[in-house]
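In mature numbering (1 follows the signal peptide of the UniProt record, and there is no 0), the protein residues as written are -17 to -1, 1 to 287.
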């Protein structure tokens, strides 16, 4: 009995002493403030647990570069990998290779539908279509049938999740999805959306990169009836626009948790083989409105 107890104690001590190294291969671009919050969560979790975390991304979101980053990470055999699957074809081979090498993988933010198929431990994030659908339904509840048309400003056309947001919103309203590829240049975004402001009843922006130029457009454009404005994700500019009645609400997915939670789970999994029984942890959607924005504005850009 004593021998068994000593063996368990030794194994437990070894688990505690193990240096854990977790790498994040992120699809976030340097110009997108959303990913700074994800990165904050990832790094904060590492500091709290006193383990090594390494956040890597392609500054421009280049899919080929993401695959190379994944290959490089695997070659160093980390204890765990966090990944965002913006495109299945570009990363599936490397993800399977990591899993074959017994490196546990968690995907966050995107790629929910590939979790089981690729043998990934779990998904942490938001169902984008459902978020758009619920947002469309909320807009319809608030405006009735007055929204008969809308434009969706998609700033990241290579990311299929953006399209899911637009389509969900359209289906929630029961109207046609009019999605526009606005690019990432603020001036170009304004130029492409401005013609719609006198033609549509609502505007949906798919993230801060498209939201903030449209906010400025709304400020500078004199219109008798400005379209109903809904956004995705949070930034300080979005918060101010909600407080000033320019944006009706934004859809929040708690990006901090998308960086923080995978570190917590991978650390416990590597040390003790512990993992939640569910293979999906949903961090959103939640709606930030004028009624509750005061509770989150202090943390916008850092924790929210």
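Where a beta carbon is used, it is the ideal one built from N, C-alpha and C, also for glycine.
If you check the beta carbons only, do residue i and residue j fall under 8 Å apart?
i	j	result
residue 158	residue 166	no
residue 292	residue 115	Examination of residue 292 is not possible in this model, given that the chain is present from -17 through 287 alone.
residue 110	residue 135	no
residue 301	residue 238	The shown model of the chain, from -17 to 287, leaves out residue 301, and the question about it has no answer.
residue 283	residue 222	yes
residue 49	residue 41	yes
residue 79	residue 52	no
residue 175	residue 163	yes
With 16 other CB atoms within 10 Å as the buried threshold, where does residue i fall?
i	result
residue 47	exposed
residue 25	buried
residue 127	exposed
residue 72	exposed
residue 281	exposed
residue 193	buried
residue 43	exposed
residue 257	exposed
residue -9	Because the pLDDT at residue -9 is just 42, under 50, the model does not fix this residue reliably, and the value given afterwards should be weighed accordingly. Counting Cβ neighbours within 10 Å, residue -9 comes out exposed, since fewer than 16 surround it.
residue 62	buried
residue 203	exposed
residue 220	buried
residue 74	buried
residue 206	exposed
residue 208	exposed
residue 210	buried
residue 139	buried
Identify which residue in the options has its Cα closest to the Cα of residue i.
i	options	result
residue 95	12, 116, 69	69
residue 198	185, 107, 206, 229	229
residue 83	244, 152, 60, 39	60
residue 4	246, 218, 262	246
residue 113	135, 265, 184	265
residue 142	286, 11, 284	11
residue 263	253, 193, 93	93
residue 145	133, 131, 190, 91	190
residue 133	182, 43, 42, 120	182
residue 21	9, 104, 180, 276	9
residue 29	260, 251, 140, 163	251
residue 215	269, 175, 205	269
residue 296	249, 15, 1, 185	Given a span of -17 to 287 for the chain in the structure shown, any question on residue 296 remains unanswerable.
residue 86	98, 103, 97, 140	103
residue 285	90, 13, 14, 19	19
residue 14	36, 45, 99	45
residue 213	36, 137, 35, 260	137
residue 66	253, 287, 241, 34	241
residue 34	259, 178, 248	248
Beta-carbon within less than 7 Å of residue i's beta-carbon, same chain only, minus the 5 sequence neighbours each way: which residues are those?
i	result
residue 81	57, 64, 88
residue 196	169, 172, 173
residue 271	217, 225, 232, 233, 235, 279
residue 27	243
residue -12	For residue -12, the predicted structure reports a pLDDT of 38, less than 50, and the residue's modelled location is therefore unreliable. A value from the coordinates is still provided. Counting only Cβ-Cβ distances below 7 Å, and skipping sequence neighbours, we find nothing.
residue 129	184
residue 150	112, 115, 160
residue 200	173, 176, 177
Could you please give me the residues that DSSP links to residue i through a beta bridge?
i	result
residue 136	163, 188
residue 212	186
residue 105	89
residue 4	35
residue 271	233
residue 65	7, 89
residue 265	108
residue 23	Beta-bridge pairing links residue 23 to no other residue.
residue 40	9
Hey, does residue i have any beta-carbon neighbour from chain C nearer than 8 Å?
i	result
residue 88	Any reference to chain C falls outside this structure, which holds one protein chain only.
For residue i, I'd like the list of residues in its chain whose CB is within less than 6 Å of its CB, leaving aside the five on either flank, ordered along the chain.
i	result
residue 273	225
residue 291	Because the chain here runs from -17 to 287, residue 291 falls outside it and cannot be looked at.
residue 152	115, 118, 119, 187
residue 38	7, 22, 25
residue 32	250
residue 106	90, 95, 98, 263
residue -7	The predicted model places residue -7 with a pLDDT of 41, which falls under 50 and marks its position as unreliable, so this point remains unresolved.
Can you list, in chain order, the residues of its chain with a C-beta nearer than 8 Å to that of residue i? Leave out the 5 residues immediately preceding and following it.
i	result
residue 267	108, 109, 114, 234, 235, 236, 237
residue 276	222, 225, 226
residue 253	1, 3, 62, 63, 87
residue 259	105, 248
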